[in-house]
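The structure under discussion appears below in the form of structure tokens.
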Amino acid sequence: MNPLHQSVSGHVVPAMLHCAIAAGINPAQLLNEAGIPAHWLDDASGRLLPVQFANLMRALWRSSNDEFLGFTATPSRVGTFPLMMHSVLSAATLGEALRHGVHFYRVLSDDITLSLREHDGIAEFELRLREPERDAGHVLTETILLCWYRLACWLINRRILLIDTHFSYPAPAHEAEYHQLYPCPHHFEQDRIALHFDARMLALPITRSRDELKVLIRELPLGFFIKPVFQGSLSHRVRSRLLQGGMANLPSLDTVANELFMTGRTLRRQLLSEGTRYQEIKDELRREHAMALLREPQTSINALAQAVGFREAAVFIKAFKQWTGMTPGDYRAHWQTQRQLAREGS
């Protein structure tokens, strides 16, 4: 599995810890709360699980009471984004919801400016930072764009296919990450930061309920850091088919395509249009199954490797570390420690 899939580049860690230190917050304590090994203080070259990145962000939120994480001159109090989400849910269409959210932040913040425009059938969602130099690593920019993009998809319960994205800065060292965050062509050193998509999407109705929103908010920001699988999508059908069998011997792409009455080329192309690949879906399922088995102390690493489709434990260990930034043994130890702490606190 390509380690970019369903994991987060480590470049976010030093940028966030720098803001924490500037605010007088203990960075080691933040890493501990997030379940991230202490060696990340000195080496952030690995990758994080989405849950680790979400936990780090929540820990920094709690410590700083700032949803902008210290990347702006004025903090945005924790609870602001959920309040905006509540306010836009009553909108009739996606366009109405996004315009309401844009106005919401124009009233509350001078540090970021959001805009929604339509031109020649293309919708443009733009972000401007008043002091972009404060976000030198682009963590805030990437996070805001990702959260708003995935919120828009969530509101209408379908994937919004992006036409392209524009960024006002040069391509960063972690440019490859952008292909997972925003699956479309990317243009750097432009005059603005913006997402572009078909303006007809703005007329689609909001389909989510208050109860669904409560679940999303309770898990914030994790829901926006995991690539969504929408009910009825081809990727959801493929995932459901693979879950019917064991992880040890997953079928080939051509086999699944034949079962879905299409060619392998068609399946590959349609999955790509949804922002995913067949191998990515397979490896996501393997990773999830491996993590579940690692929570069972009686399962040996050798047996676990076989159960998720690896003939050799060493190959599995290497793959798991690429997926999560941790070895299977480290993950199991961390999970057992967290479970013990939860028991002691209950």
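With UniProt numbering applied, the sequence shown closes on residue 346, and no number is skipped along the way. Virtual Cβ for every residue (Gly too), placed ideally from N, Cα, C. These figures come from a predicted structure and were not determined experimentally.
Residue span of the alpha helix (DSSP H) that contains residue i, given as start and end
i           : result
His-179     : 178-181
Thr-255     : 253-259
Arg-117     : Run containing Arg-117: none in the alpha helix (DSSP H); it sits in the beta strand (DSSP E), 112-119.
Phe-317     : Looking at the sequence itself, residue 317 is Ile, so the reference to Phe does not match. 313-324 is the extent of the alpha helix (DSSP H) around Ile-317.
residue 363 : With the chain running from 1 to 346 in the structure shown, residue 363 is simply not present.
Ser-273     : 264-273
Leu-30      : 27-34
Glu-212     : 210-218
Asn-302     : 301-307
Ser-87      : 80-88
Inter-residue spacing [alpha-carbon to alpha-carbon] between residue i and residue j
i           : j       : result
Pro-3       : Gly-46  : Unreliable placement is indicated for Pro-3, whose pLDDT of 36 sits below 50; no coordinate value is reported for it.
Ser-109     : Asp-66  : 12 Å
Ile-217     : Lys-227 : 16 Å
Lys-318     : Thr-276 : 23 Å
Val-12      : Val-139 : 6 Å
Glu-126     : Leu-114 : 6 Å
Met-326     : Thr-93  : 42 Å
Ala-203     : Asn-26  : 46 Å
Leu-129     : Thr-143 : 13 Å
Tyr-278     : Arg-159 : 17 Å
Met-16      : Pro-132 : 15 Å
Ile-163     : Tyr-149 : 13 Å
Pro-37      : Ala-248 : 30 Å
His-5       : Leu-220 : Reliability fails at His-5, whose pLDDT of 43 lies under 50, so the model's placement of it is uncertain and the value that follows must be treated cautiously. For His-5 and Leu-220, the distance between alpha carbons rounds to 20 Å.
Leu-293     : Ala-28  : 29 Å
Met-1       : Val-107 : Reliability fails at Met-1, whose pLDDT of 35 lies under 50, so the model's placement of it is uncertain and no value is given.
Val-215     : Phe-224 : 12 Å
Ile-206     : Ser-233 : 18 Å
Met-57      : Ala-307 : 33 Å
His-86      : Thr-74  : 23 Å
Ala-152     : Arg-311 : 41 Å
Ser-90      : Leu-222 : 23 Å
Asn-302     : Thr-337 : 22 Å
Ser-300     : Pro-14  : 34 Å
Trp-154     : Cys-147 : 10 Å
His-186     : Ser-273 : 16 Å
Glu-175     : Tyr-169 : 11 Å
residue 366 : Glu-212 : As shown, the chain starts at 1 and ends at 346. That puts residue 366 outside it, with no answer to give.
Asp-120     : Arg-268 : 30 Å
Asp-42      : Ile-21  : 14 Å
Enclosing beta strand (DSSP E) for residue i [first to last residue]
i       : result
Ile-122 : 122-129
His-289 : Per DSSP, His-289 belongs to no beta strand (DSSP E); it is in the alpha helix (DSSP H), 278-294.
Expected contact under 8 Å - CB spacing of residue i and residue j to nearest Å
i       : j       : result
Arg-237 : Leu-260 : 7 Å
Glu-124 : Ala-194 : 5 Å
Leu-48  : Gly-95  : Actually they are not in contact, since the Cβ atoms of Leu-48 and Gly-95 sit about 34 Å apart, beyond 8 Å.
Leu-243 : Leu-250 : Leu-243 to Leu-250, Cβ: 10 Å. No contact.
Leu-304 : Ala-290 : 6 Å
Glu-284 : Ala-199 : The Cβ separation is near 32 Å, so there is no contact.
His-196 : Ile-112 : With 8 Å as the limit, His-196 and Ile-112 do not qualify as a contact, their Cβ atoms being about 19 Å apart.
Ala-257 : Gly-264 : 4 Å
Ser-7   : Trp-323 : 6 Å
Ala-171 : Phe-188 : 4 Å
Residue i versus the options, residue with shortest Cα-Cα distance
i       : options                               : result
Ser-235 : Trp-148, Arg-77 and Leu-253           : Leu-253
Leu-145 : Arg-99, Leu-294, Phe-320 and Phe-167  : Phe-167
Ser-240 : Arg-268, Ala-73, Met-262 and Ile-281  : Ile-281
Ala-54  : Leu-30, Leu-41, His-39 and Ala-73     : Leu-30
Glu-296 : His-334, Leu-271, Phe-310 and Trp-40  : His-334
Gln-298 : Gln-190, Trp-323, Gly-329 and Lys-321 : Gly-329
Asp-135 : Pro-183, Tyr-105, Phe-68 and Pro-50   : Phe-68
Leu-116 : Met-201, Arg-265, Ala-313 and His-186 : Met-201
Ile-156 : Ser-209, Asp-120 and His-39           : Ser-209
Gln-190 : Met-262, Ser-7, Thr-165 and Leu-83    : Thr-165
Gly-70  : Gly-137, Cys-184, Pro-50 and Glu-288  : Gly-137
Val-51  : Glu-288, Phe-104, Asp-42 and Arg-268  : Glu-288
Met-161 : Thr-266, Glu-177, Pro-183 and Gly-309 : Residue identity check: residue 161 is Leu in the sequence provided, not Met. The shortest Cα separation from Leu-161 among Thr-266, Glu-177, Pro-183 and Gly-309 belongs to Pro-183.
His-18  : Ala-97, Leu-60 and Leu-83             : Leu-60
Pro-34  : Arg-62, Asp-43 and Gly-101            : One detail in the question is off: residue 34 reads as Ala in this sequence, not Pro. Nearest option by C-alpha distance: Arg-62.
For residue i: DSSP bridge partner residues
i           : result
residue 350 : For residue 350 there is no data in the structure shown, the boundaries of the chain being 1 and 346.
Val-102     : The partner list for Val-102 (beta bridge, DSSP) is empty, contrary to what the question assumes.
Val-8       : Leu-48
Phe-197     : Ala-123 and Leu-162
residue 368 : In this structure the chain extends from 1 to 346, so residue 368 is not present and cannot be described.
Pro-221     : Looking at the DSSP assignment, Pro-221 forms no beta bridge with any residue, so it has no partner.
Thr-93      : Pro-205
Check: residue i C-beta below 6 Å from any heavy atom of the ligand GTP
i       : result
Leu-151 : No copy of the ligand GTP occurs in the structure displayed, which carries no ligand at all.
Residue-chain proximity (residue i, chain C), Cβ-Cβ < 7 Å
i      : result
Arg-58 : You won't find chain C in this structure, because it holds only one protein chain.
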